[in-house]
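Down below is the structure, laid out as structure tokens.
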Amino acid sequence: MPAAPRLHASACPHDCPSTCALEVEVLDEARIGRVRGAAGNSYTAGVICAKVARYAERIHHPDRLTTPLRRTGPKGSGQFAPIAWDDALDIVAERFLEAERRHGAETVWPYYYAGTMGLVQRDGINRLRHVKRYSGFHGTICTTPAWTGWLAGAGRLSGADPREMAVSDLVVIWGTNPVSTQVNVMTHAVRARKERGAKIAVVDVYRTPTMEQADIPLLIRPGTDGALACAVMHVLFRDGLADRAYLAAHADDPAGLEAHLADRTPEWAEAITGLAAVEIEAFARLVGTTPRSFFRLGYGFTRSRNGAVNMHAALCIPAVSGAWRHEGGGAFHTNGAIYHWDKTLIEGLDRRDPAVRTLDQSRIGAVLEGDADALGGGPPVTALLVQNTNPVTIAPDQTRVRRGFARDDLFVCVHEQFLTETARMADIVLPATMFLEHDDLYQAGGNQHILFGPKIVEAPGACRPNHAVVRALAARLGADDHPGFHLTEREIIDETLRRSGWGSLAELEAARFRDVQPDFRTAHFLDGFAWPDGRFRLKPDWPSAAMPAFPDHWTVTEEADAEHPFRLVTAPARNFLNSSFTETPGSRGREGRPSLLLHPDDAAGLGVAEGDRVEVANPRGAVILHARLFDGVRRGVVIAESIWPNGAHEGGRGINSLTGADPVPPNGGAAVHDTRIRIRRLGA
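This is how it looks when you write it as structure tokens:
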């Protein structure tokens with residue numbers, strides 16, 4: 000009779016703010032079984048998404064890369080031959096040194112993102128960057144506008160304990176679809192409804208699975224969040240529901256805001272948002288009469304050109320209502336500021352030169368095509384090291400991205416788990432470990448835990464961790480004089496914990512995770528927001544004079560026009576996580592095929608029936624999808640739940656062929672939910 004599986008503690012590495020604490024069934028030294036949420040973790044509470052529960056399907060996938068490869072055919076052809084690790088690393092180092100001799104160190108661009116959220120395996124590439132003075136990296140694609148908007152008001156990336164949703168009387172889920180993307184939000188919100196009779200309000204641009212569970216669904220047009228927020232605050236001031244005592248003590252210019260909002264009525268907002276004035280009135284009154292109103296603000300704000308202004312506007316509501324005073328009230332977006340990491344060993348911050356140029360992640364197409372502005376006036380990028388991301392699928396303005404990767408003079412090394420579309424464009428492909436096959440340290444974004452993820456199974460074939468690859472390249476590049484290159488992952492984790500004031504790795508490993516939630520007054524900013532005067536900024540000091548002084552509907556979005564009468568939102572698919580899990584049969588089977596959610600009345604006007612092939616196009620490109628009739632959107636709005644690989648689409652062009660890479664003001668970003676398009680029926 001086979002032995003019962005052993006349970007090992009771990010942490011989910013994927014780019015979901017929940018950062019779940021896990022319990023993993025280990026069948027033998029190389030195989031896992033079921034993955035569960037850790038019941039002992041107060042935020043995970045035993046619940047994880049279906050994707051990670053089925054992780055055995057991914058880690059033991061027969062298509063995993065297990066040996067280094069060297070390109071033998073044209074770029075993108077998928078023609079590779081096996082090569083030894085030492086030979087592969089020698090080639091990468093030689094090509095990087097050659098590029099540096101010709102153009103200077105900034106010609107090399109280490110490019111990474113959030114394929115793993117582990118601090119060592121994700122961010123260690125920066126140690127090589129800083130020691131070698133390679134081009135810097137501005138990571139804009141997911142977070143920048145939302146973070147900018149939050150910081151404009153609160154001054155610090157932290158907020159109320161997200162577990163307080165469970166003791167709230169009104170949970171407002173705005174700009175996120177947690178049923179699909181961070182299920183633990185729903186754990187705590189639904190608990191409040193069951194135990195306290197709390198209401199759940201959901202603000203989004205289509206009827207998501209989360210909105211289907213809402214007591215108060217608030218369906219708006221894309222990019223109109225600011226108008227809704229202004230109308231809500233108008234009602235709060237008009238009807239005597241604003242907490243004037245709180246504002247006087249904690250905000251910078253409540254009188255100015257009230258005067259500004261005098262004509263931002265629900266009727267004004269109805270014309271912009273599509274949401275009926277009576278619905279806005281009812282929602283505003285509920286907020287104003289429910290002290291324990293918790294605003295869970297998501298990353299949807301990041302995907303629009305006016306996203307920073309919209310995030311700030313939504314964040315102003317609990318300041319006007321005074322909800323921050325109460326347990327179960329206030330707002331939360333992310334907890335990045337509570338960890339105070341010293342990442343010197345991980346990232347080589349002591350070797351960072353601020354004079355080295357920084358290139359925008361979202362503009363990789365323009366960078367690789369030699370756009371002078373995108374290059375910051377510096378040399379061309381002629382060498383790339385890619386870890387933890389798949390830009391040939393997920394970056395905006397795909398036509399330019401793919402042309403850039405196809406350049407004959409561009410050398411590309413990709414360290415990956417599967418032969419992704421980016422890996423297919425590489426000259427050298429290196430096989431990477433998955434999270435259960437190496438040691439790493441994690442911080443939660445959506446809660447307040449530090450977690451250790453230990454190596455618990457052996458990797459297949461010749462897979463190596465990111466840390467090992469960066470160390471090996473540093474040695475070959477003459478750059479290994481930083482101490483971080485001479486330590487193991489566990490040694491770096493232990494020293495980072497100690498330097499950051501979080502004890503030792505032995506202590507963290509014994510505890511499995513550590514709750515570092517600040518006290519109530521700190522989390523609720525009751526002793527002051529993170530500005531010199533301690534006041535919330537209703538009137539932020541935006542870096543651009545073009546941005547509205549007070550919360551408003553800022554009309555900088557890519558609006559529909561006569562030639563492109565529809566607005567496209569490329570929302571996350573429930574069974575994918577960006578381009579991760581697109582390779583697993585369970586996730587692909589549940590998603591079906593690349594589709595376009597289209598209002599039945601819009602479909603009728605186009606002569607489109609359920610299942611028809613349609614071409615979706617704009618000046619950036621054209622994509623073929625299958626129509627799905629869906630009445631959970633406003634007329635003129637269409638949804639493509641993605642990200643399918645380009646190759647899954649007829650014609651080989653994916654959804655990001657349509658999205659723009661122009662920087663979102665004021666600090667960059669990718670407005671992938673903010674795209675105008677036209678639709679043409681192609682037939683069944």
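In this text, residue positions in the sequence shown follow numbering that gives the first Met the number 0: the first is 0, and each later residue adds one.
Quick reminder that beta carbons are idealized off the backbone N, C-alpha and C, glycines included.
Quick caveat: nothing in here was measured; it's all calculated off a predicted structure.
Run through DSSP, which three-state label would Leu418 get? Indexing the sequence shown from 1 puts residue 418 at position 419. Note: Leu418 maps to coil in three-state DSSP.
CA-to-CA distance, Ala29 to Arg688, given in whole angstroms: This structure cannot settle anything about residue 688, because the visible part of the chain is limited to 0 through 683.
What residue range does the beta strand (DSSP E) around Gln386 cover? To locate residue 386, count along the sequence shown from 1; it is residue 387. Counting along the chain, the beta strand (DSSP E) containing Gln386 begins and ends at 382 to 386.
What number of angstroms, rounded off, separates the C-alpha of Gln447 from the C-alpha of Glu346? Along the sequence shown, one-based indexing puts residue 447 at 448. Along the sequence shown, one-based indexing puts residue 346 at 347. Going from the Cα of Gln447 to the Cα of Glu346 covers about 22 Å.
For Asp600, does the count of other Cβ atoms within 10 angstroms reach 16, so buried, or fall short, so exposed? Taking the sequence shown and counting its residues from 1, the one referred to as residue 600 is at position 601. Counting Cβ neighbours within 10 Å, Asp600 comes out exposed, since fewer than 16 surround it.
Let me know the secondary structure DSSP gives Cys412 once reduced to three states. Counting from 1 along the sequence shown, the entry for residue 412 is found at position 413. Strand at Cys412.
Reduced DSSP category for Leu64 - H, G, I as helix; E, B as strand; rest coil: Position 65 of the sequence shown, counted from the start, is the residue given in the question as residue 64. Leu64 falls in the coil class under three-state DSSP.
Which runs of the beta strand (DSSP E) spanning at least 3 residues fall entirely within the segment 542 to 577, listed in chain order? 565 to 568
Measuring alpha carbon to alpha carbon, tell me which residue in Arg291, Arg634, Ala354 is nearest Tyr133. As a first step, residue 133 must be located in the sequence shown, where it is residue number 134. When only C-alpha atoms are compared, the closest one is Ala354.
I need the boundaries of the alpha helix (DSSP H) containing Ala247, first residue and last residue. Along the sequence shown, read from residue 1 onward, the residue named residue 247 stands at position 248. Note, Ala247: alpha helix (DSSP H), 243 to 249.
What residue from Phe294, Glu649, Gly154, Glu508 has the CA that sits closest to Leu537's CA? For the purposes of this step, residue 537 is taken as the residue at position 538 of the sequence shown. Answer by Cα proximity: Gly154.
Could you check the C-alpha separation between Phe331 and Gly158 for me, to the nearest Å? Taking the first residue of the sequence shown as position 1, residue 331 is located at position 332. Taking the first residue of the sequence shown as position 1, residue 158 is located at position 159. In a straight line, the C-alpha of Phe331 is about 5 Å away from that of Gly158.
From which residue to which residue does the alpha helix (DSSP H) around His481 run? Along the sequence shown, one-based indexing puts residue 481 at 482. For His481, there is no enclosing alpha helix (DSSP H), as DSSP marks it with neither H nor E.
Quick test of the definition: if touching needs 3 or more C-beta pairs under 8 Å, does the segment 297 to 314 touch the segment 158 to 178? Enough Cβ pairs lie closer than 8 Å, so yes.
Roughly how many whole angstroms lie between the Cα atoms of Gln442 and Ala670? Residue mapping note: residue 442 aligns to position 443 of the sequence shown, counting from 1. Residue mapping note: residue 670 aligns to position 671 of the sequence shown, counting from 1. Take the alpha-carbon of Gln442 and the one of Ala670: they are about 26 Å apart.
Apart from the five residues just before and just after Val91, which ones in its own chain have a Cβ nearer than 7 Å to its Cβ? Start at 1 with the first residue of the sequence shown, and residue 91 comes out as number 92. The residues are Cys412, Ile427, Leu472.
Assuming Asn617 is part of the beta strand (DSSP E), what are its boundary residues? The count along the sequence shown starts at 1 and reaches residue 617 at position 618. Counting along the chain, the beta strand (DSSP E) containing Asn617 begins and ends at 612 to 617.
Let me check understanding here. Comparing Cα to Cα, which of His311, Leu496, Gly152 lies closest to Pro531? Position 532 of the sequence shown, counted from the start, is the residue given in the question as residue 531. Checked all of His311, Leu496, Gly152; the closest Cα to Pro531 is Gly152.
Among residues of its own chain, excluding the 5 on either side of His648, which ones have a beta-carbon nearer than 7 Å to its beta-carbon? For the purposes of this step, residue 648 is taken as residue 649 along the sequence shown, with counting starting at 1. Pro593, Val622, Ile623, listed in sequence order.
Classify Val637 as helix, strand or coil using the three-state DSSP reduction. On the sequence shown, position 638 is the one that residue 637 refers to. Strand at Val637.
Can you tell me which of Val184, Leu681, Glu22, Ala322 puts its alpha carbon nearest to the alpha carbon of Val686? The chain is shown only over 0 to 683; residue 686 falls outside these bounds and no answer can be derived.
Using the Cβ count rule (16 or more neighbours within 10 Å means buried), how would you classify His259? Position 260 of the sequence shown, counted from the start, is the residue given in the question as residue 259. Its Cβ being crowded by 16 or more others within 10 Å, His259 is buried.
Near Arg53, which residues of its chain fall below 6 Å by C-beta distance, leaving aside the five closest residues on each side in sequence? Counting from one through the sequence shown, the residue named residue 53 turns up at place 54. Answer for Arg53: Gly585, listed in chain order.
Restricting to runs no shorter than 3 residues, where is the beta strand (DSSP E) found entirely within the segment 78 to 112? 79 to 81, 107 to 111
Are the Cβ atoms of Ala228 and Ala313 separated by less than 7 Å? By one-based count along the sequence shown, residue 228 stands at place 229. By one-based count along the sequence shown, residue 313 stands at place 314. Yes. Within cutoff.
Should the segment 185 to 196 be called in touch with the segment 238 to 253, which here means at least 3 C-beta pairs below 8 Å? Segments in contact, no.
Output the boundary residues of the beta strand (DSSP E) element that contains Pro430. The count along the sequence shown starts at 1 and reaches residue 430 at position 431. Counted as a single uninterrupted DSSP element, the beta strand (DSSP E) harbouring Pro430 occupies residues 427 to 430.
Does the CB of Ala422 have a neighbour CB from chain B at under 7 Å? Protein chain content of the structure displayed is limited to a single chain, and chain B is not contained in it.
Roughly how many angstroms lie between the CA atoms of Gly460 and Thr674, to the nearest whole one? Locating residue 460 in the sequence shown gives position 461, counting from the first residue. Locating residue 674 in the sequence shown gives position 675, counting from the first residue. C-alpha separation (whole angstroms): 43 Å.
Alpha carbon to alpha carbon, how far is Glu494 from Leu440? What you label residue 494 is simply residue 495 of the sequence shown in a count that begins at 1. What you label residue 440 is simply residue 441 of the sequence shown in a count that begins at 1. For Glu494 and Leu440, the distance between alpha carbons rounds to 12 Å.
Buried or exposed: Glu415, going by 16 or more other Cβ atoms within 10 Å of its Cβ? In the sequence shown, counting from the first residue as 1, residue 415 sits at position 416. Per the 10 Å Cβ criterion, buried.
Only counting the same chain, and skipping five residues up and downstream in sequence, which positions put a Cβ closer than 6 Å to that of His714? The question about residue 714 has no answer here: the residues shown for the chain are numbered 0 through 683.
Could you tell me if Pro61 is buried or exposed, where buried requires 16 or more neighbouring beta carbons within 10 angstroms of its beta carbon? Locating residue 61 in the sequence shown gives position 62, counting from the first residue. It is exposed - the Cβ of Pro61 has fewer than 16 other Cβ atoms within 10 Å.
Secondary structure of Phe580, DSSP reduced to three states: The residue labelled residue 580 in the question sits at position 581 within the sequence shown. DSSP places Phe580 in the coil class of the three-state scheme, outside both helix and strand.
Identify which residue in Leu435, Arg399, Asp262, Gly138 has its Cα closest to the Cα of Asn666. Here residue 666 refers to the residue found at position 667 when the sequence shown is read from its first residue. It is Gly138 whose Cα lies nearest to the Cα of Asn666.
Starting from Thr147, trace the alpha helix (DSSP H) in both directions and tell me its first and last residue. In the sequence shown, the residue the question calls residue 147 occupies position 148. Residues 143 to 153.
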